[in-house]
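Here is the structure we will look at.
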Amino acid sequence: MTKIELLSIDLSNYCSKECPFCYNHSHRHGNIMWTPEEVISFASDCIANGVKAVSLGGGEPFEYHGIFRIIAALQPLAYLSVTTNGLPLLRPETWAAMLHHRPDKVHVTLHNPDDNAELHRVLRQIAMLSETEITPGVNLLVSSTNLEYCRSAYERLRTVLETRQIILVPMRFRNTPTPKELALVAGGQHFQAPSCIIQCKQPDNFCSVSWDKRVNYCSYAGGKRPLKDLTYRGLLSSLSEINFTTCQ
């Protein structure tokens, strides 16, 4: 029987950064289907039924209305992390609100390691997060076309973070690096990456709910099914209809 313990929720596909390679096809004219109240009710029911950790993504979650209401409601109930491109945190009011509501962890994604300005911004933000009670982390997007830049960025990140706080995220659908190329980025040392780089298989305890209220066992895989209803029972019912296939 499926038992979900780790739940990812994409709040929207709105993101002003609008990266052309975004797996979620997020953009500055993106859509929002979740209300904050729906997210809180759905996630709370899932937590009551055994979910131990919730991750909020997007789109850009810190550009989502009601993000801090959601954090305030869920953080006392389960381990709560937020994945961000970091740009909204440049606004003092957003940074202050994040510190006040205090998610357990904030992952800043480095999309363009060949962009010095972006790399330096992420390094600054990680240094600032390290001085707070929020655990910092970085998702380093790795493309097979920029391995040297990724390796250099990884070395810089290792000066401010432990290995376990840096996740090497393979680019999907194009320019996907091999496991050996990811190891090259990490300088041949132990590194963190999705387990699917070794073998793609249906996770035992994780699922991902998209901005349009569909679910699958993987954020990248096709064939998502609409949620039957916004409850843990509805989540499991929809997952039971999944014919899991690789994203590549």
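Every number in the working numbering is 1015 more than the matching position in the sequence shown, counting from 1. Cβ coordinates follow ideal geometry from the N, Cα and C atoms, glycine included.
Original post:
Ile-1024 lies in the beta strand (DSSP E); which residues open and close that run?
Top reply: What you label residue 1024 is simply residue 9 of the sequence shown in a count that begins at 1. Where Ile-1024 is concerned, the enclosing beta strand (DSSP E) stretches over 1021 to 1025.
Original post:
Residues in its own chain within less than 8 Å of Ala-1168 by CB, not counting five upstream and five downstream?
Top reply: In the sequence shown, counting from the first residue as 1, residue 1168 sits at position 153. Excluding residues within five positions, the ones whose Cβ falls inside 8 Å are Leu-1125, Pro-1128, Leu-1134, Leu-1155.
Subject >> Beta carbon of Ser-1223 nearer than 9 Å to that of Ile-1085 >> reply: Reading the sequence shown from its first residue, position 208 is the one you call residue 1223. Reading the sequence shown from its first residue, position 70 is the one you call residue 1085. Contact flag unset, no.
Subject >> Cβ-based neighbour list, Lys-1032, same chain, cut-off 7 Å, excluding 5 preceding and 5 following >> reply: Counting from 1 along the sequence shown, the entry for residue 1032 is found at position 17. Within the same chain, Lys-1032 has close Cβ partners Glu-1075, Asn-1100, Leu-1102.
Original post:
According to the Cβ coordinates, are Ala-1063 and Tyr-1247 closer than 9 Å?
Top reply: For the purposes of this step, residue 1063 is taken as residue 48 along the sequence shown, with counting starting at 1. For the purposes of this step, residue 1247 is taken as residue 232 along the sequence shown, with counting starting at 1. Contact: yes.
Original post:
Taking the alpha carbon of Gln-1217 as the point to measure from, which residue in Ala-1112, Ser-1096, Tyr-1235 has its own alpha carbon closest?
Top reply: Residue numbering aside, residue 1217 sits at position 202 when the sequence shown is read from its first letter. It is Tyr-1235 whose Cα lies nearest to the Cα of Gln-1217.
Original post:
For Glu-1020 versus Phe-1188, is the C-beta spacing smaller than 9 Å?
Top reply: Stepping through the sequence shown from its first residue, residue 1020 is reached at position 5. Stepping through the sequence shown from its first residue, residue 1188 is reached at position 173. Contact: no.
**OP:** Return the CA-CA distance between Glu-1078 and Glu-1053, expressed in angstroms with no decimal places.
**Re:** As a position in the sequence shown, residue 1078 is number 63, starting the count at 1. As a position in the sequence shown, residue 1053 is number 38, starting the count at 1. Approximately 17 Å between the Cα atoms of the pair.
Original post:
How big is the Cα-Cα spacing for Ser-1041 and Gln-1204?
Top reply: Residue mapping note: residue 1041 aligns to position 26 of the sequence shown, counting from 1. Residue mapping note: residue 1204 aligns to position 189 of the sequence shown, counting from 1. Each residue's Cα considered, the two are about 33 Å apart.
Original post:
Where does Thr-1098 land, buried or exposed, given buried means 16+ other C-beta within 10 angstroms?
Top reply: For the purposes of this step, residue 1098 is taken as the residue at position 83 of the sequence shown. Burial call: buried.
Original post:
In three-state DSSP terms, what is His-1205?
Top reply: Position 190 of the sequence shown, counted from the start, is the residue given in the question as residue 1205. Of the three classes helix, strand and coil, the one that applies to His-1205 here is coil, per DSSP.
Subject >> 6 Å Cβ shell around Leu-1022 - same chain, five flanking residues per side excluded >> reply: As a first step, residue 1022 must be located in the sequence shown, where it is residue number 7. Hits under 6 Å: Cys-1061, Val-1066, Val-1069.
Original post:
Among Ala-1093, Pro-1035, Leu-1071, Tyr-1038, which has the Cα closest to the Cα of Trp-1049?
Top reply: The count along the sequence shown starts at 1 and reaches residue 1049 at position 34. Of the candidates Ala-1093, Pro-1035, Leu-1071, Tyr-1038, the one whose C-alpha sits nearest the C-alpha of Trp-1049 is Leu-1071.
Original post:
So is Lys-1228 buried or exposed if we call it buried at 16+ other beta carbons inside 10 Å?
Top reply: Numbered from 1 along the sequence shown, position 213 holds the residue referred to as residue 1228. Its Cβ being crowded by 16 or more others within 10 Å, Lys-1228 is buried.
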